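Have a look at the structure below, then the notes.
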Amino acid sequence: MARSGRSSTAQRPDGRAKVDGAFVYASDLREPGMLWGAVVRSPHPSARIRRVDVVAARAVPGVAAVLTADDIPGVDTYGLITPDQPVFARDVVRFHGEPVAAVAAANLDVARRAAAAVVVEYEPTAPVVDPEAAIAALPVHPDGNVFKHLHIRYGDVGATGDAVVEGTYDWGRQDQAFLGPEAGLAEPTGDGGVRLRVATQALHIDRQQLAACLGLPADQVHLELAGVGGAFGGREDITVQIHASLLALATGAPVMLRYDRRESFLGHVHRHPARMWYCHHATRDGDLVKVEARIVLDGGAYASTSPAVLVNACCFAVGPYRVDAAVVEGYAVRTNNPPSGAMRGFGCPQTCFGHESQMDRLAAALDLDPVQLRLRNALASGDQLITGQRITGTAPVREVIAAATAHPLPPELDDKASPLDLPGGAGLTGDRSHVRRGIALAVGFKNLAYSEGYDDYSTAAVRLERDAAGRARATVHCAAAECGQGFVTLAQQLVRDELGVEQVDLHVADTAIGSAGSSSASRQTVVSGGAVVVAARAVRAAVVRRMVSRHGLDPSLAPSAPSAPSTEGDGVVATTPDALEEALSPFELVDERVIGAEGGPQVDLADLLDEPIEQVRVYRHDPTEPLDRAGQGDAHVAFMFAAHRAVVDVDPELGQVRVVQLATGHDIGRVLHPVQALGQVEGGVVQGIGMALLEDLRTENGAVVNADFADYLLPTALDAPDVPTAFVEQPEPRVANGAKGLGEMPSVPSTAAVAAAVRAATRIDLRRVPIRPADIALGAEPPADAG
Amino acid sequence: MAVARPRSLIAALDALADRPAATVLGGGTDLMVEVNAGQRHLTDVVALRRVDELATVEQHAGGLHLGAGLTWAGMEAALAEHMPALAAAGRSVGSRQIRNTGTLGGNLGSASWKASTPPVLYALDATIDVRSAGGRRDVPVEDFIVAEGRTTLAPGELIASVDVPACRGPQRFLKLGNRSSVISAVVAVAVVLDLDRRRVRVAVGSAAGVPQRLSAAEGVASDVVDWDAGAIDDDGLRSVRRAVGSECLATSDHRAGARFRRHAASVLVARGLASAVTGGRPGAPL
Amino acid sequence: MSADAHPQASDELELRVNGVDHAIADVPLSTSLLDLLREHLDLRATKDACRQGRCGSCSVLMDGELVASCLVLAADAVDADITTVEGLADDPDSQTFRTALLSAGGVQCGFCTPGIVVAAHACLRDHAAAGEREVREELSGNICRCTGYGRIAAAVAQVIGGQAGDG
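Protein chains in written order, with this note's numbering: chain A, 754 to 1540; chain B, 63 to 348; chain C, 2 to 168.
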């Protein structure tokens, strides 16, 4: 039920500490006697290890431990889906930067020198770097080179259309490039266990993998969220967690393991590079008849989340459009390239670039307006996807297109334009007479939360008590990782609005409470937000029961406690979206008072809190199911949609592009916090622009060549455009407050929109992102000048 | 290990004479990147930041005398009028942080492929004033940079200043990277018009390991400019582009291919030339 | 030979940070000002994100000028007056900007924020009437990966607009 929303302008609770520099990030943690860790990494993308000799490293003064694959007490591999990644390489290294050993020493300088003193004899072998060839190549790993093969067949796969357009599209390798490099501080707890404060997206998923490698029961492995400097998918996988904990247990001392920027680039997974072949069939009038696609994702050396990314890339491969038939074949493959995994959008930005490029080509082939073609085929609630799933929730595709295209266009460049307004910016290469403007639209969609039968839940505890001054105070405890997205603001806001108290404190996110799952898949607003709401409502019901009983009111006014609560192991009540639809009592909790309906009794909330009230709830979204062998099934719980219209100015001779405006229409269910929602859109859009024009982690024969901010270029303030944004509010059923997630969608159509706008400006058939200046400039050159 | 922080040029030269192998520290914006990455370990340093006499600009009849300690910001402020190409180079470097720290001498001394001052100084026929306790030698900038990252500086020597002969006429500096600001050069060009001699000077940086003066292209450009009318026509610009394209050496790396670098250099020179010649006042005599 | 020609021992550094004089011993010569602040003076508001001067997270004022502290050799900061984000805490202009940044929504993960606060301070001090493009150019040395810069630019504009209104 929508409450007052009074707190929707509240500022983030960690904001003041962040602007003052007082907020403690993982890399800021220090402890007395703390050692520093360093990791020895392979310089080769593919090699056999002949010998690892740590004698010299152990002899470096100040070194406390040097660990290798021989020093792992538990399982010696880990992974989010398949534990195929070694904690330390033993006989073979499979990617540039793979860890071989780790060192702990009195300070970072000694640790680095000791790491350099570890002797590793490699015998380099030919790396497998072509994903297409990898499918049939000799296995890079005993598990084989295909992480997942998916073949979706839907409708009459033999159908053909009047118009047929075909194209192949390439997508480079984007890095999350969060500003705060990986860091964690591990400490022995004295009873054989370990306490780890770490910047992560998922404390409990880390703990599961960590405990297995340490050979410890989960209850001896305590994780606490340290300040997280951005994540965007790059902190889903293990990085420092196991190495830091092994070093702490080996030395008996606190160990800080912190990556520098280069190590961060080498040490975490990236967005999957992709090659996508598409063939679209449509009627003369522009109705989609069939879409065929073949999608190959380069998963790099280890599985990470590649199988799930592939499912997404394929499920959403045709875009948010009705189509009668589809054949989509996808491979996620293993190579000796840097490992790929989660990044904002999780497979959907890649195929969005593919299907939206195709929609533009189809519009051109049919001589139709590209926006009209999209509107004509737009999905709506009740329609079927190519996986056979019928959309039961909201699907405002036409509405987001209308919203994105309704924003006023920016003014044309005029003679007064500053050089900074021209492509090329402060390099002063721009010449207004050469600039051409392009405008294009892209539309995308994605699943909300986890899919395919994954047990996707969160846990929240809400406690209501009197503070020292006798006022009512609430505390929320939830392990959801705050990575910057603003879940902490939302958790406070939801509890304020449910319980009518101003003071809502946040317990540190840790493993002392049950899992909240990962801050991934745009899921925390819905799943952890759902857990917080149902826990808060349970507290409210308990308050009302106490009031009814204390004040001798009609007992029928009291909400009943669940008669047969479904419980998790330790008495925690498990709930589903059904709990959100239960009737609330006629009592409101507003302004720290409990107020009965229509002039009924009013009681100060604090008066009822002589004993604290605490409720813990586990919340699960509605179940999903795996896809079957034909790629069919109700695999997803809900969907999110967005349309982006890019306006670019291009200097075709020099291949320089300035994104002038990126106007958006976003499906969001309901806006809970307008400022945070806008921040998610602007931030995600600029990451998408980076992918379209700048960001490409390059490899040469498997070795990374630009692992720094001098050569891996991120958009600056001057590269970021205006992002006028409109939210389409159609409350999603069976979701707390009707609010969908928002985190990922801004990064889904933005890249495709910018690429299409550059095509529109240049009339060059650009099929790869990021677009390189040479792709435009040399493509635009007349042949005579091409030498 | 030790650091000298001299406050005068003489003191700096003395310190350097004592420890000829010491690292000479200008702003540190190149050096510290290597130090932070562990690629370079400092043992002796002579830090020039406090030598005020190195941070001066002196104008004299023959031209300008630029102290090696001038920061990018200092160059922008002091040279916007007299040497706009060098001021523009400062701006393209981008971040305010680097512009406040990086120095002319440091940029020259590191001789990085991406350095922005060398192509400008090539086009300006600058001479480097190299000092040691033993004396002074003047080195034309083109002889100063020997190879990427290497100069003729010997142990015990430092760059004291840069002499730029007077050159009346418009100047342009254009730098192409992929970003709007804080640009890592793929190609940078300097175009200088010498109105008195009716010559165009052209230098290209970042296309290959070291900057280049393009003398053949300069000849073509000097011929196609209508010096009396302050004009250049499209045919003329096309011949300049061709000349640059055939003369400019370029390498391929992960940032760009050689063919694109040559192409971009030719476009940038033509644009810089057109802009310098017409100067926003098309048709006016130069 | 003048006295200052004698190379000083690098392991005794005297400098002023946020108005406090420090004499710091045992500093290895290759130490940056950033590491001096973070590891020797325990001032960890200044952030370490790239160590190449390419992100601005480590921005501080050195004798009033905005610099990337990772690119300053600590031993070359001797006698300098360093101001970090902690040192601007009592500055009313900085407080005005901080408040504007929070209300505009310019903080997400916040790792870039201390650098942004210091850079914006210099920008607003030196370019009090800057237009939006000029502000963005001045802040282009500070990478923010979360916000897309829109809310940060809005905060600067809010301060500039407020000053114009007041003045």
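For glycine and all other residues, C-beta sits at the position ideal for the given N, C-alpha and C.
Since the model is a prediction, treat every value here as computed from it, not as a measurement.
Checklist line | DSSP beta-bridge partners of B:S223 | finding: B:G129 and B:D191
Checklist line | Coarse secondary structure for B:W175, derived from DSSP in three states | finding: coil
Note to self: Could you compute how far the alpha carbon of C:S70 sits from the alpha carbon of C:L16?
What the structure shows: 14 angstroms
Check: Comparing alpha-carbon positions, which option in A:G1020, A:R1047 and A:P892 lies nearest A:P1542?
Finding: Because chain A in this structure spans residues 754 to 1540, residue 1542 of chain A falls outside the shown range and cannot be described.
Notebook entry, point to check: Residue range of the beta strand (DSSP E) that A:V1229 falls in?
Noted result: A1225 to C1231
Note to self: Against chain B, which members of the region 1456-1478 of chain A pass a CB distance test of less than 8 angstroms?
What the structure shows: V1458, N1459, A1463, D1464, L1466, P1468, T1469, A1470, L1471 and D1472
Check: By DSSP, does A:M1112 sit in helix, in strand, or in coil?
Finding: helix
Checklist line | Residues bridged to A:D1542 [DSSP beta-bridge criterion] | finding: Nothing can be reported for residue 1542 of chain A: it is not among the residues displayed for chain A, which extend from 754 to 1540.
Item checked: A:T913 burial status per 10 Å Cβ neighbour count (16 or more: buried) -> exposed
Next item on the list: Spatial neighbours of A:T821 within its chain, please: CB distance less than 6 angstroms, with the 5 preceding and 5 following residues excluded, ordered by chain position.
Entry: V805, F841 and A854
Next item on the list: Determine the DSSP secondary structure at B:C229, reduced to helix, strand or coil.
Entry: coil
Notebook entry, point to check: chain B beta carbons: is any one of them nearer than 9 angstroms to that of C:E139?
Noted result: yes
Notebook entry, point to check: Name the chain C residues whose beta carbon is nearer than 7 angstroms to that of A:F776?
Noted result: G111
Check: Counting along the chain, where does the beta strand (DSSP E) carrying A:S1211 start and finish?
Finding: Y1210 to R1219
Next item on the list: Could you name the residues of chain A that B:H316 contacts, counting a contact when the two beta carbons are closer than 8 angstroms?
Entry: R1451, E1453, V1458, N1459 and D1464
Check: With distances taken between CB atoms, is the gap from A:A817 to A:L788 smaller than 9 angstroms?
Finding: yes
Check: So A:G1053 and A:V993 are in contact, right, with Cβ under 8 angstroms, and what is the actual spacing, rounded?
Finding: 19 angstroms between Cβ atoms; not a contact.
Check: Is there at least one Cβ from chain C nearer than 9 angstroms to A:F1480's Cβ?
Finding: no
Margin query: Below 8 angstroms on C-beta distance, what does B:G90 contact in chain C?
Written below: L72, V73, L74 and D77
Check: Just checking, does the region 163-176 of chain B make contact with the region 207-214 of chain B on the three C-beta pairs under 8 angstroms criterion?
Finding: yes
Check: Residues of chain B with CB under 9 angstroms from C:V136, in chain order?
Finding: Within 9 angstroms Cβ-Cβ: nothing; C:V136 doesn't reach chain B, min ~11 angstroms.
Checklist line | Three-state secondary structure assigned by DSSP to A:V1285 | finding: helix
Note to self: Could you tell me the alpha carbon to alpha carbon distance between B:T340 and B:N162, rounded to whole angstroms?
What the structure shows: 32 angstroms
Next item on the list: Kindly indicate which three-state DSSP category A:Q1483 falls into: helix, strand or coil?
Entry: coil
Notebook entry, point to check: What is the C-beta distance between A:Q1440 and A:R1216, in whole angstroms, given that I count them as a contact (C-beta under 8 angstroms)?
Noted result: Not really, about 37 angstroms apart at Cβ, beyond 8 angstroms.
Note to self: Cβ closer than 8 angstroms: which chain B residues qualify as neighbours of A:L1447?
What the structure shows: N240 and R241
Margin query: Looking at chain B, is there any beta carbon in it that lies within less than 9 angstroms of the beta carbon of C:C145?
Written below: no
Checklist line | Span separating the alpha-carbon of C:H23 from that of C:L14 | finding: 8 angstroms
Check: Quick one, are the C-beta atoms of A:Q954 and A:A984 less than 9 angstroms apart?
Finding: yes
Next item on the list: Please confirm whether B:S301 and B:A278 have their CB atoms less than 9 angstroms apart.
Entry: no
Notebook entry, point to check: What is the DSSP secondary structure of B:P402, reduced to helix, strand or coil?
Noted result: As shown, chain B starts at 63 and ends at 348. That puts residue 402 of chain B outside it, with no answer to give.
Notebook entry, point to check: Apart from the five residues just before and just after A:V828, which ones in its own chain have a Cβ nearer than 7 angstroms to its Cβ?
Noted result: P836, A965 and C966
Notebook entry, point to check: Got a sec: is the Cβ-Cβ distance from C:P93 to anything in chain A below 9 angstroms?
Noted result: no
Notebook entry, point to check: Between the region 226-240 of chain B and chain A, which residues of the former have a C-beta closer than 9 angstroms to a C-beta of the latter?
Noted result: R234, F235, L236, K237, L238, G239 and N240
Item checked: CA-to-CA distance, A:R765 to C:H128, given in whole angstroms -> 29 angstroms
Next item on the list: Could you have a look at A:M1498 and say whether DSSP puts it in helix, strand or coil?
Entry: helix
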